[in-house]
Amino acid sequence: MRDAIARALVWVLSLLSRAPRVEPGRHTAKFFTSRPTSVSEAPSDPDPAAAWRTPWQTPSAETVREIFEQRPELPYLQREQWRAAAFAELGVDYDHPTTNITPVRRVTA
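This is the structure in structure tokens:
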């Protein structure tokens with residue numbers, strides 16, 4: 042069994058070594074001297090404080106508080122779904138708590 046695994050591993054590694062390289066490897070001098078050509082690698086902003094100058098993109102605390110205080114008459118799961126829909130209208134992804142935080146009803150016999 043070991044021989045079959047070793048032969049398969051050697052075969053896969055030999056295929057990888059024969060694969061043509063499109064770009065230089067990460068540990069070559071050509072990699073460090075060439076500029077990135079892909080569009081996804083946009084140059085980063087040289088000023089790290091620029092992010093702090095952009096306006097706040099999330100809802101305010103008052104808006105979030107209003108959403109959480111509305112619809113108290115709904116059952117727990119429907120209230121969480123309603124909150125998720127309200128946050129989705131604002132463009133915010135709201136993931137309701139995954140743990141059950143409702144009180145446990147004890148059944149006495």
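Residues 42 to 150 in this note's numbering are what the sequence shown lists, from first letter to last. Beta carbons: idealized from backbone N, C-alpha and C, even for Gly.
- At a Cβ-Cβ threshold of 8 Å, Ala125 and Tyr117 do not count as neighbours.
- Your pair Arg112 and Arg120 checks out as a contact, with CB atoms roughly 6 Å apart and the cut at 8 Å.
- The distance from the Cβ of Ile108 to that of Ala127 is about 5 Å, consistent with a contact at the 8 Å cut-off.
- No Cβ-Cβ contact shorter than 8 Å links Val133 with Pro96.
- In the structure shown, Trp123 falls within a helical segment according to DSSP collapsed to helix, strand and coil.
- Cβ neighbours of Leu115 within its own chain (closer than 7 Å, five residues either side excluded): Trp123.
- Straight across, the Cα-Cα distance linking Ala47 with Arg59 is about 19 Å.
- Between Phe72 and Gly66, the C-beta gap is smaller than 8 Å, which places the two residues in contact.
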